[in-house]
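Notes to accompany the following structure.
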Amino acid sequence: MKELNDPRKVFGNQVLELAKQDPRILAVSTDSSGSSGFGPFKECFPERHLEFGLTEQSAIGFCAGLALSGKIPFFCAITPFITMRCFEQVRDDLVYTFANVKIAGRNSGLDYSYLGYTHQSLEDIAVMRSLSNMKVLVPSDAIEIRACVNEAAKYTGPVYIRIGSEKLPTFHQSDYHFSFGKGEALQKGKDITLITMGGMVWRTMEAAEELVKLGIEVGVISMPSIKPLDYELLLQVSKETDIILTIEDHSIVGGLGGAVSEFLSQENPIRVVRLGVPDVFSTTGSYGDLLEKYHLSKSGIVDYVINLVKKKKSSYSN
Amino acid sequence: MEISDTQINNLKQTALNLRRNIITMIQSGQGGHVGGSLSCIEVITALYFSLLRCNPQEPQWEDRDRFILSAGHKCLALYSVLAEKGYFDKKLLTTYDSLNSKLPGHPDRHKLPGVEANTGSLGHGLAIGGGMALAGKIDQKDYKVYVLMGDGEIAEGSVWEAAEIASHYRLDNLIAIIDRNRLQIHGNTKDVLNTESLTAKWSSFGWQTLEIDGHDFVDIFGALKNLPLKKECPTCIIANTIKGKGLSFAENNYKYHYWKPTDEEMKKAFIELGMNYL
């Protein structure tokens, strides 16, 4: 069985590892240090962990001021609160100011399945990628989370990292290299190519394995960098496949599917279908049930792809 | 240490120059947020010409005191004082509000030396300044951070979040100055949304609070010379001021929050400030 890791712990521990080498790095939380993966950081560097209580707006402002004074704050909180409650602070104090602050949304997507719409985050990618100069990263396993944290720390400027809480299997090799604006073609396929991100990647890979067995030529691309997006890879794959299906635990409005569609509709308009949470308020239930409901489970993806490919083939025969 | 009569006279002359600079910019840009820019001139003059530890030749000097204009629309006052202090060539003032100007309608730290933060949307500056003050504490530096806000601005909830954090972290190197001119865009602050009582509110948030006449250099100097007012407490100075101060027709008139001058008004402004109308 593959190793499973809690993305929050991996994130927090990697920030801690970097902090051991770089005294400028601070961990920031708003009454959720433990569930943001900063428990070990707090223990190791209590004076470099800043707790701001329930003040996400001002916490962003404080992070900006700290960054303008030479610090590198890593601020992690529940996704809607760190992206949307304080959106204007992120926009003005971080991005427009170009402050060297890294923000991480955790328990993203449908993770807070029982807690409902207020805690689920289905719009964070849409709003974050609307900001000029913002890097938007959605890593898919422990190795990629560490790589994204390292790259974010090396870069001077604002970065948004989106992680979940579901334990993820590791599929990257230890020598994996991540760069901003680079996607990863995991396999190629003529019938359809599935483009996905974050915790959806391993599910999509498993679904693809099954689809191949059914005789469908399916490609898979992982997109850890939503902004900047890998235009080169998109253009190339759009010439090699009949349909692109984007798969995301996010609204179909403005997320990965939106980003891919915006680019391809202009550069090489092929059919792009967006699979994600439809443009309605999400519901509550177990995480597994929600994934089933929105066709984001392995079997949901398999069924969805079979239907799409069948329709395509039948439209040819007609 | 008290301020001397000579110092006061020098500061008064500088304040007059700053007001003249503002009129020069408004004439070039054909409009600007004049009311609030004029009300805070004495405070800004005292800060930059007798209190702030700063060096225009080295605007990013690590040990400098920081001044954040949270009420970014009062940028005419900031541009004016930075030019007067020598952060940039005064000739730039006539480019105010032109295409791609380094002096836009709200300050941008990437465009002009001496600007510490990109402000404009109200209620952001205290948190940014608080972060700078907190960094100073972490690094055991002795610089101070001054944040100037309007009395209308402090209706923003984010101001009070920042106020809580500042007192929690005992940031006695952080000084909020409220330019209380009692007016905002649509009229009297007490009618639009009453933000009083300022002293009681700031005190209850754990700040040491002092009320001064924001046009009196003796008062300003007395309040700001020996900070913090109390060790381990942030300081809030409530500066009572007159919106539009220095232009008789604009004083205490909310309609001059933003001013698009007529030729007649412009001439009057030049005469009142002892300038030659061109």
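One line per chain: the protein sequences are D and X, in this order. Okay, so the first sequence: first residue is 1 according to our numbering, each after it adds one. Okay, so the second sequence: first residue is 1001 according to our numbering, each after it adds one. Backbone N, C-alpha and C define an ideal beta-carbon position, used for all residues, glycine too.
C-beta neighbour in chain X for residue i, strict 8 Å
i, result
"Y155(D)", "no"
"K20(D)", "no"
"S317(D)", "With a pLDDT of 46 at S317(D), under the threshold of 50, the modelled position of that residue is not reliable, and the figure given next carries that caveat. False, the Cβ-Cβ gap to chain X never drops below 8 Å."
"K42(D)", "no"
"F62(D)", "yes"
"F52(D)", "yes"
"F45(D)", "no"
"H49(D)", "no"
"S58(D)", "yes"
"K182(D)", "no"
"T55(D)", "yes"
"G65(D)", "yes"
CB of residue i within 8 Å of CB of residue j, strictly
i, j, result
"L137(D)", "S222(D)", "no"
"C1075(X)", "P1113(X)", "no"
"L194(D)", "V212(D)", "no"
"V1218(X)", "I1003(X)", "yes"
"E1232(X)", "D1172(X)", "yes"
"T79(D)", "D141(D)", "no"
"F1205(X)", "E1164(X)", "yes"
"L1093(X)", "Y1079(X)", "yes"
"L1198(X)", "I1238(X)", "yes"
"I25(D)", "I72(D)", "yes"
"E217(D)", "S1121(X)", "no"
"G1131(X)", "A64(D)", "yes"
"R203(D)", "I243(D)", "no"
"G183(D)", "T241(D)", "no"
"L131(D)", "R91(D)", "yes"
Backbone CA spacing between residue i and residue j [nearest angstrom]
i, j, result
"E1156(X)", "V1192(X)", "13 Å"
"K1102(X)", "M1025(X)", "12 Å"
"V1081(X)", "R1066(X)", "14 Å"
"L1266(X)", "I1023(X)", "Before going further, note that residue 1266(X) is Met rather than Leu in the sequence given. Going from the Cα of M1266(X) to the Cα of I1023(X) covers about 8 Å."
"T196(D)", "L122(D)", "15 Å"
"K154(D)", "D22(D)", "11 Å"
"Q266(D)", "I1271(X)", "59 Å"
"N1118(X)", "A67(D)", "14 Å"
"V159(D)", "H1215(X)", "44 Å"
"R1182(X)", "K1201(X)", "16 Å"
"S317(D)", "R274(D)", "In this predicted model, S317(D) has a pLDDT of only 46, less than 50, meaning its place in the structure is not dependable; the value taken from the coordinates is given anyway. Their backbone Cα atoms lie some 25 Å apart in a straight line."
"M134(D)", "N1253(X)", "42 Å"
"R1020(X)", "Y1277(X)", "11 Å"
"G53(D)", "D31(D)", "5 Å"
"I306(D)", "I247(D)", "15 Å"
"E1153(X)", "L1224(X)", "22 Å"
"H1124(X)", "L1273(X)", "33 Å"
"L110(D)", "G255(D)", "14 Å"
"Y287(D)", "Y114(D)", "8 Å"
"S1011(X)", "E1042(X)", "Position check: residue 1011(X) holds Leu in this sequence, whereas Ser was assumed. Rounded to whole angstroms, L1011(X) to E1042(X) spans 8 Å at the Cα level."
"I163(D)", "E210(D)", "26 Å"
Within-8 Å CB hit, residue i to chain D
i, result
"N1118(X)", "yes"
"R1109(X)", "yes"
"T1262(X)", "no"
"S1158(X)", "yes"
"A1162(X)", "yes"
"A1176(X)", "no"
"G1136(X)", "yes"
"I1154(X)", "no"
"I1026(X)", "no"
"I1165(X)", "yes"
Option nearest residue i by Cα separation, candidates the options
i, options, result
"I82(D)", "R91(D), N100(D), G70(D) and G105(D)", "G105(D)"
"H119(D)", "V101(D), R146(D), A77(D) and V15(D)", "A77(D)"
"G1036(X)", "E1211(X), H1073(X) and L1018(X)", "H1073(X)"
"L1038(X)", "I1212(X), A1250(X), K1255(X) and T1235(X)", "A1250(X)"
Distance cut-off 7 Å: residue i Cβ against heavy atoms of the ligand FMN
i, result
"P7(D)", "This structure lacks the ligand FMN; in fact it carries no ligand of any kind."
Contact list for the stretch 1121-1132 of chain X against chain D, Cβ threshold 9 Å: S1121, G1123, H1124, G1125, L1126, A1127, I1128, G1129, G1130, G1131 and M1132
Positions along the stretch 78-102 of chain D whose CB lies within less than 8 Å of some CB in chain X: E88, Q89, D92, D93, Y96, T97 and F98
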